[in-house]
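Novice: For the sequence shown, position 75 matches number 92 in the working numbering, and the numbering has no gaps at all. Heads up, the beta-carbon is just placed ideally off N, CA and C, and yes, glycines get one too.
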Amino acid sequence: MKRKHSRMKSGLALVLAALLLLGLAGLGLAGSRAKMAAKEQKAAYDLYQKKCLSCHLSVADPERSGKTRDEWTLVVRYMDKHYVQLTDEEAAKIIDLLYSIRRGLEKEAG
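1. What's the C-alpha gap between Lys-56 and Tyr-62?
2. Below 8 Å between beta carbons: does that hold for Met-114 and Gln-58?
3. With burial defined as no fewer than 16 other Cβ atoms inside 10 Å of the residue's Cβ, what is the status of Glu-80: buried or exposed?
4. Is it the case that the Cβ atoms of Cys-16 and Ile-112 are separated by a distance below 8 Å?
5. I'd like the span of the alpha helix (DSSP H) that includes Val-92, first residue to last.
6. Going by C-alpha to C-alpha distance, which of Gly-83, His-73, Lys-52, Cys-72 sits closest to Ser-117?
7. What are the boundary residues of the alpha helix (DSSP H) that includes Ser-117?
8. Could you check if Leu-103 is buried or exposed, using at least 16 other CB atoms within 10 Å of its CB as the buried criterion?
9. Flag this pair as yes or no: are the beta carbons of Ala-97 and Ala-109 separated by less than 8 Å?
10. Select from Lys-52, Ala-51, Tyr-65, Thr-85 the residue whose C-alpha is nearest the C-alpha of Val-101.
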């Protein structure tokens, strides 16, 4: 009987160790995702500076509530047609940046 309990304990210890390792690996993955998101945000802001800040002074406009993603899409596409040339990828990055900066302040989810 002792032998059976010993095997159960070692099996349980093995399962717990595996779960712990998976949890730690998940934390590392979350950290690398956060770093990637920060890099993408920085790249989007650099693109915004290059394409938009020659006419617009800032992304911040404290007097206005946030726009939905659809509203930002309309604004960026209007600018693309009339003032600045953007690829679809550049437009998507700028839309994501502008929406993420004021997220939670929009009239409705977008």
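Specialist: The structure says:
1. As a working note, residue 56 is residue 39 in the sequence shown. As a working note, residue 62 is residue 45 in the sequence shown. Distance between the alpha carbons of Lys-56 and Tyr-62: 10 Å.
2. The residue labelled residue 114 in the question sits at position 97 within the sequence shown. The residue labelled residue 58 in the question sits at position 41 within the sequence shown. Note that residue 114 is Leu in the sequence shown, not Met. Yes, they are a contact pair.
3. Walking along the sequence shown from the start, residue 80 turns up at place 63. Because Glu-80 sits at a pLDDT of 46, beneath the cut-off of 50, its placement in the model cannot be relied upon, and the point is left open.
4. There is no way to answer for residue 16, as the model of the chain reaches only from 18 to 127.
5. By 1-based counting over the sequence shown, the position of residue 92 is 75. First-last of the alpha helix (DSSP H) with Val-92: 86-99.
6. Here the question's residue 117 lines up with position 100 in the sequence shown. Looking at the Cα atoms, Gly-83 is the closest of the given residues.
7. On the sequence shown, residue 117 is found 100 positions in, with the first residue counted as 1. That run of the alpha helix (DSSP H) goes 105-118.
8. Here the question's residue 103 lines up with position 86 in the sequence shown. So Leu-103 ends up on the buried side.
9. For this step, residue 97 is matched to residue 80 along the sequence shown. For this step, residue 109 is matched to residue 92 along the sequence shown. A quick correction: the sequence has Asp, not Ala, at residue 97. For Asp-97 and Ala-109, no; Cβs fall outside 8 Å.
10. Here residue 101 refers to the residue found at position 84 of the sequence shown. Checking every option, the nearest Cα to that of Val-101 belongs to Tyr-65.
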